[in-house]
Amino acid sequence: MTPPPGPKAAPDLDPGWLVPGALVLRLMLVAALAVALSGAVAAWLVTRASGQEAMRRVVSQQTDEVEVVARLLASKIEQSQKVLRTVAAGITPAMLESPSSLEWLLQQGLPAVQFFDTMQVARDNGELRLNLRAGQIEKAADLDPTERDALRRTLVDGKPLVSELIAGRRGEARVMFTMPLHREDGTVVGVVAGALRLQSQSLLPPSMTLPARDDSQLIVFTRDGTILSHSDPTRVLGQVRDEVGLAPVYTRWQSQAQPVVGRGMTHVQSDHIVSMAGMPLPQWIVARVSQSQALLAPLRGAQREAWWLAVASMVLCMLLAVALMGWMAQPLAQLTFKARQLLRTSARQQPAQDVHWPRAGGEVGELVRVFQGLVQQGSLQQSRKDTVVGQFQAVLDSAPVGIVITRHGMLEVVSHQACVMLGYSAQELQGRPARILYASDADYAQVGDRVRAEVAAHGAFDGDVCFLRKDGTPVWARVQGQGVRPEEVHGGTVWILEDITAAREAQVQQSWGRAHDALTQLYNRTAFDERLGQLMAERSARQRAVVLAADEEGGETQGDGVVLFLDLDHFTVVNDIAGHDAGDDVLRHVARLLASHVRQIGWAARLGGDEFAVVLPGCALARGQAVAEQLRAAVRAWEPSYEGRSFTLGVSIGLVVLDASLQDVPSVLYAADMACYDAKRAGRNRVETRHARDASVTSSGRMALGPV
0 MTPPPGPKAA
10 PDLDPGWLVP
20 GALVLRLMLV
30 AALAVALSGA
40 VAAWLVTRAS
50 GQEAMRRVVS
60 QQTDEVEVVA
70 RLLASKIEQS
80 QKVLRTVAAG
90 ITPAMLESPS
100 SLEWLLQQGL
110 PAVQFFDTMQ
120 VARDNGELRL
130 NLRAGQIEKA
140 ADLDPTERDA
150 LRRTLVDGKP
160 LVSELIAGRR
170 GEARVMFTMP
180 LHREDGTVVG
190 VVAGALRLQS
200 QSLLPPSMTL
210 PARDDSQLIV
220 FTRDGTILSH
230 SDPTRVLGQV
240 RDEVGLAPVY
250 TRWQSQAQPV
260 VGRGMTHVQS
270 DHIVSMAGMP
280 LPQWIVARVS
290 QSQALLAPLR
300 GAQREAWWLA
310 VASMVLCMLL
320 AVALMGWMAQ
330 PLAQLTFKAR
340 QLLRTSARQQ
350 PAQDVHWPRA
360 GGEVGELVRV
370 FQGLVQQGSL
380 QQSRKDTVVG
390 QFQAVLDSAP
400 VGIVITRHGM
410 LEVVSHQACV
420 MLGYSAQELQ
430 GRPARILYAS
440 DADYAQVGDR
450 VRAEVAAHGA
460 FDGDVCFLRK
470 DGTPVWARVQ
480 GQGVRPEEVH
490 GGTVWILEDI
500 TAAREAQVQQ
510 SWGRAHDALT
520 QLYNRTAFDE
530 RLGQLMAERS
540 ARQRAVVLAA
550 DEEGGETQGD
560 GVVLFLDLDH
570 FTVVNDIAGH
580 DAGDDVLRHV
590 ARLLASHVRQ
600 IGWAARLGGD
610 EFAVVLPGCA
620 LARGQAVAEQ
630 LRAAVRAWEP
640 SYEGRSFTLG
650 VSIGLVVLDA
660 SLQDVPSVLY
670 AADMACYDAK
680 RAGRNRVETR
690 HARDASVTSS
700 GRMALGPV
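Each residue of the sequence shown is one higher than the last, beginning at 0 in numbering that gives the first Met the number 0.
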C-alpha cells in the first residue's frame with residue numbers, strides 16, 4: 000500500500016528576525032545574569048533587613064499586648080478579692096450563729112454582695128450556713144464538690160484563694176473567690192465565698208476578645224490547658240492542645256514545668272507568632288496567636304513593589320545588551336531555523352532545491368553544505384520506508400491469523416484479524432498496555448511467567464492463552480511469539496494468534512460429559528472412583544510415615560476425611576405410582592440438595608439408581624456425622640407432590656472414615672455400603688457409622704467391619 004501524496008509545501012519565505020540558538024542564548028543569559036545578580040543581591044539584603052526589623056516590632060508589640068491584658072485581668076481578680084474582703088468585714092462571728100441575720104445582711108445589708116453571682120458562708124466546722132445564688136437561698140446539697148473543696152481548703156489554710164474552673168451542674172463555668180473569717184484573736188471562725196461567671200463583665204467579658212480577626216486570636220486559659228476566653232466563643236472550655244500554633248508552644252512550656260509569671264514571652268514559628276503572659280494568683284495565662292503571614296502582609300506588599308521597580312530597571316539594561324548580541328548572531332539563527340524546518344517537514348513535501356539556505360561564510364557556510372547532503376539522503380530513505388510500510392500494512396490486512404507486535408508490554412501493531420478476534424478496533428488497541436487483554440493482573444502475570452520460561456528454554460513461545468474480549472467474554476488462542484531481534488532484550492516481539500475457542504469448548508464439553516451423570520449433573524461412578532482414588536493416593540503418600548509409626552506403637556491412626564453412602568428410602572413407591580418422570584425429578588432434586596450442602600467442604604456423585612455418595616476430604620468423624628444428619632433431615636423435610644398425591648421420602652446413610660486401614664476404593668465403598676445396610680436394617684432414615692475393628696479380611700477380599 001503506497002501512502003497518498005502529501006499536501007503541497009508552502010513557499011519558503013524569509014523568516015525575518017529570528018531568535019538566536021541555545022548557545023547564543025546562553026551567552027546572552029550570562030551577560031544578563033551579570034547585570035541582574037548584583038541588583039538582586041542588593042535588593043535581597045535590603046528586603047531581609049526590613050523583614051527582620053518588622054518581625055522584631057511585631058514581636059515586641061504582641062508581647063506588650065499580652066502583658067497588658069494579663070495585668071488587666073490580674074487587677075480584676077484583685078478587685079474581686081477586695082470586694083469579697085469588704086463583705087467578709089461586715090460578717091461578725093455572732094452572725095454565723097444566726098442564719099436569719101446572715102441572710103438579711105447578704106441580701107439587703109451589703110450592696111457589695113450584688114457583685115457576685117453566688118455567695119456561700121460556712122462555719123469553721125465545715126457547716127454551710129448560707130448558700131445564696133442569684134439572690135435566692137438554695138440547699139447545701141446543691142453546692143458543687145469543687146466549691147466545697149475550695150471552702151474546706153480556706154478553712155484549713157486560713158488564706159484567701161481563687162478556685163479552679165468550676166463547670167457546675169447548671170452548665171455555666173465560674174470561678175470562686177474565698178475569704179476566711181477571723182475572730183479577734185486571729186483564729187478562723189468561718190469562710191465567705193463568692194463566685195463569678197466566667198463570661199461576666201467582672202471577669203472575662205466577651206468584649207475583651209473584640210474586635211474578632213481571622214488572622215489573630217486572644218486566648219485566656221488555665222495552667223492545665225482549659226480555655227477560659229477565646230475570640231471564637233465556641234472554643235470556650237476547649238483544650239489548648241487543639242489550637243493551631245498555640246498547641247506546640249503550650250506543650251513545650253508544660254514539659255519544662257515553668258512557673259506562671261507575669262513577664263511576657265514570644266515564640267516565632269514558621270506560620271504563627273505566639274505570645275504568652277501569666278497571672279500567678281489564679282494560675283491563668285493570656286496568649287495572642289497570630290498568623291505571621293497576615294501580620295507581615297503589608298511589608299510583603301511594599302517589598303514586592305520595591306522588587307518590581309528593581310526588576311524593571313534591570314530588565315531595561317538587559318534588553319539593550321541582548322538586542323545587540325541577537326543582531327550579531329542572526330546568520331547562525333537563520334541556519335538553526337532551517338534545520339528545525341527540516342525536522343517538521345518531510346523531504347517529500349519540501350525538496351532540497353526548494354529550501355532557501357542562508358548565505359554565509361566560515362563555519363555557518365560549511366554547516367549549510369552538510370545539511371544539504373543530509374536532506375538528499377533523507378528524501379531517498381523516506382521513499383524506501385513508504386514502500387515497506389505499504390507492503391507491511393497489506394500483509395496485516397490480508398493475513399488469516401492475528402498478528403500483534405508488542406514492545407515493553409505495549410501494543411504497537413495489531414492486525415485486522417487480531418482486532419476481530421479480540422472485539423476491538425485498531426485505534427482502541429494501538430499504544431495501550433497488553434494488560435487490557437487479560438481478565439486480571441494474576442492472569443497477566445501468570446502468562447508472563449510462562450512466556451519468559453519458554454523463551455529462556457526454547458528461544459520462542461508456543462502455547463494456548465485465554466484472552467478477554469472487549470465485551471467481557473473469554474477467547475482462547477494458540478499463541479506463537481518470537482523476538483524481532485533475539486539478541487536485543489527490548490527489541491520487540493511478534494505474536495501470531497489463532498482462534499481455538501470453538502475447538503477448546505468442544506473438548507471441554509466432551510471431557511465434562513465423560514465425568515458427569517447426564518440426569519443429575521453430578522459426578523458419575525467412573526469419575527467418583529478416579530477422584531476418590533487420587534485422594535487416597537495423596538493421603539497415603541502424605542501419611543505413610545505416620546501410619547507406620549502408629550502401627551509399630553499399636554495406636555490408631557487419625558482419619559483423613561469421611562465417605563457417605565446414601566440410599567433413598569421409598570423411592571420405588573414414587574416410581575410405581577407417579578411414574579419414571581417423577582422418579583427422575585426426585586433424583587435431580589436430591590442431587591441439587593446434596594451439591595448445595597457440601598459444595599464448600601466436599602463433592603457428591605451418583606453411583607447408580609437411587610444411590611449417591613458424598614466425599615468430605617479432611618473432615619473429622621464428628622463433623623461428618625453432623626453433615627450426614629443435615630442431609631438426612633433435608634431429604635426428610637422435602638415432600639414432593641405428583642399427580643395430586645404427596646410422597647414422603649427418607650434416606651439411609653452409611654458413614655465410613657478414610658483411615659489407613661482402607662487401602663483402595665472398593666474397600667471404602669464396601670464399608671460405606673455395609674454401614675448404609677445397617678441403617679436400612681435399623682429402620683431406615685438414619686445414619687450409621689462403621690470403622691475397621693482389626694486387620695482381618697473377609698473371604699471376598701474386603702475388610703471385616705463392624706458397626707460402632
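By construction, the Cβ of each residue, glycine as well, lies at the ideal position given by its N, Cα and C atoms.
Separation of the CB atoms of V288 and L245 is rounded to 5 Å, and the pair is thereby assigned contact status at 8 Å. In the structure shown, the three-state DSSP call for H579 is helix.
Within the region 361 to 398, the complete alpha helix (DSSP H) runs of at least 4 residues fall at 361 to 397.
Going by DSSP, Q290 is part of the beta strand (DSSP E) stretching over W283 to Q290. Going by C-alpha positions, P179 is about 12 Å away from P92.
Contact between V86 and L280 fails: their C-beta atoms lie close to 19 Å from each other, not under 8 Å.
Contact annotation: R587 and T519 have beta-carbon atoms nearer than 7 Å. CA-to-CA, the gap between P616 and Q662 works out to about 16 Å. Between the alpha carbons of S595 and A526 lies a distance of about 19 Å. Excluding five sequence positions before and after C465, the CB atoms of its chain that fall closer than 6 Å to its own CB belong to P473 and W475, given in chain order.
With contacts defined as CB atoms closer than 7 Å, Q119 and A166 fail to qualify as a contacting pair.
Around the beta carbon of F391, fewer than 16 other beta carbons sit within 10 angstroms, so the residue counts as exposed. CA-to-CA, the gap between V664 and D528 works out to about 7 Å. With respect to the 7 Å criterion, A627 and L654 are classified as neighbours on the basis of their beta carbons. Just so you know, the alpha carbons of R151 and V219 end up roughly 27 Å apart. Comparing C-alpha distances from T186 to each of E163, K158, P204 and S206 shows the shortest one belongs to K158. Beta-bridge partners of W602 (DSSP): V614.
In this structure, V650 sits near L567, with a CB-CB distance shorter than 7 Å. According to the DSSP assignment, I499 belongs to no alpha helix (DSSP H), since it is labelled neither H nor E.
With three or more CB-CB distances shorter than 8 Å, the region 570 to 589 counts as touching the region 636 to 645.
When the beta-carbon positions are compared, A393 and Q416 stay at least 7 Å from each other. Contact check for Q282 against V259 passes: the beta carbons are separated by less than 7 Å. For Q479, same chain residues with a beta-carbon under 6 Å away, outside a window of 5 residues either side, are D461 and I495 in chain order. Just so you know, the alpha carbons of L127 and S201 end up roughly 26 Å apart. With contact defined as three or more Cβ pairs closer than 8 Å, the region 441 to 460 and the region 372 to 381 are not in contact. Under the three-state reduction of DSSP, W494 is assigned to strand. Inter-residue distance for A505 and A621 is about 43 Å (C-alpha atoms, whole angstroms). The secondary-structure analysis by DSSP pairs T117 across a beta bridge with R132 and A194. In the three-state scheme derived from DSSP, where H, G and I count as helix and E and B as strand, Y437 is classed as coil. For I165, no beta strand (DSSP E) segment is defined, and its DSSP state is neither H nor E.
A distance of 7 Å or more separates the beta carbons of E497 and V562. Its Cα nearest to that of L467, the residue G422 stands out among E137, G422 and G325. As the crow flies, the alpha-carbon of L593 is around 50 Å from that of S414. The beta-carbon distance between A612 and A604, rounded to whole angstroms, is 5 Å. This is short enough to meet the 8 Å contact definition. In its chain, beyond the 5 residues on either side, C418 have a beta carbon closer than 7 Å to the beta carbon of S424.
Between the region 135 to 150 and the region 51 to 64 there are fewer than three C-beta pairs closer than 8 Å, too few to call the two in contact.
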